[in-house]
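Enquirer: FYI, the numbering for the sequence shown is 20 to 181, going by the numbering used here.
For every residue, glycine included, the Cβ atom is placed at its ideal position computed from N, Cα and C.
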Amino acid sequence: MDTLRSARRRLLAVGLAWAVAGAACSAPERVDAKRAAPADRRREELRDQLRGTLGERYDVPLAAATIEELARGSNFYDMLCRACHGPTGKGNGRSARMLMIPPPDLTDPSTAAFFSDRAKLQIIAEGIAGSPMIGWSRMLEEQDQIAVLHFMSTLVREPQSP
Ligand code: HEC
Numbered sequence: 020m021d022t023l024r025s026a027r028r029r030l031l032a033v034g035l036a037w038a039v040a041g042a043a044c045s046a047p048e049r050v051d052a053k054r055a056a057p058a059d060r061r062r063e064e065l066r067d068q069l070r071g072t073l074g075e076r077y078d079v080p081l082a083a084a085t086i087e088e089l090a091r092g093s094n095f096y097d098m099l100c101r102a103c104h105g106p107t108g109k110g111n112g113r114s115a116r117m118l119m120i121p122p123p124d125l126t127d128p129s130t131a132a133f134f135s136d137r138a139k140l141q142i143i144a145e146g147i148a149g150s151p152m153i154g155w156s157r158m159l160e161e162q163d164q165i166a167v168l169h170f171m172s173t174l175v176r177e178p179q180s181p
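What follows is the structure, given as structure tokens:
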């Protein structure tokens, strides 16, 4: 029974390592096998899925952002996204601590480059199943989804020069 208990403890530790430790996470039953999978494997699975959904569109670049789009995107970001994604995109918004799955640090260049722009648009429109990231297609027109994505892209830090 001891091995069972320590295996369970290890599973819980893995879950807690990537989930934000909050009240919602303290009950071990809520850390099921899927949620305890490492975050990067989940992201890889999601990327494969989005590649499947989008096909050739996955890598089609967006038109460059206009100043007007960035301003509009910034407003939408503050109203709808900032509470979780944080004022500067680091994933530390005031609601983020309560989420089972934390928002990624989108100021990190490699994290920000993991999904293509089209994949991010798909995520913004439809959300991510089983995650606090809901879809916004009923609240935001496609042009506004693009605007908010363009704004988010301005939050990425410059890569460190060697
Ligand atoms: C309730 C909290 C919450 C709100 C509000 C929210 N998000 Fe998210 N978002 C998340 C979480 C958590 C993830 C990571 C989900 C996962 O990995 O399953 C995420 C992921 C994303 C991603 C994928 C990023 C990546 O590289 O992994 C994008 C793009 C995104 N959100 C955009 C937005 C936009 C745009 C808004 C506002 C219109 C928004 N989100 C509002 C919680 C939120």
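1) Which whole-angstrom value describes the C-beta separation of M152 and I142, a residue pair presumed to lie in contact below a C-beta threshold of 8 angstroms?
2) So for I86, helix, strand or coil by DSSP?
3) Just to confirm the assignment, what range does the alpha helix (DSSP H) spanning C103 have?
4) Going by DSSP in three states, I147 sits in which element: helix, strand or coil?
5) Is any non-hydrogen atom of ligand 1 found closer than 8 angstroms to the C-beta of S186, if you look at the structure I gave you?
6) Do you know whose CA, among A144, E177, G105, lies nearest I165's CA?
Expert: The answer reads as follows:
1) Counting from one through the sequence shown, the residue named residue 152 turns up at place 133. Counting from one through the sequence shown, the residue named residue 142 turns up at place 123. Confirmed, about 7 angstroms.
2) For the purposes of this step, residue 86 is identified with residue 67 of the sequence shown, where counting begins at 1. Helix, per DSSP.
3) To locate residue 103, count along the sequence shown from 1; it is residue 84. Looking at the DSSP string, the run of the alpha helix (DSSP H) that includes C103 is 101-104.
4) Residue numbering aside, residue 147 sits at position 128 when the sequence shown is read from its first letter. In this structure, I147 counts as coil in the three-state DSSP scheme.
5) Missing from the structure shown is residue 186; the chain here goes from 20 to 181 and no further.
6) As a first step, residue 165 is located in the sequence shown; it is residue number 146 there, counting from the start. The shortest Cα separation from I165 among A144, E177, G105 belongs to A144.
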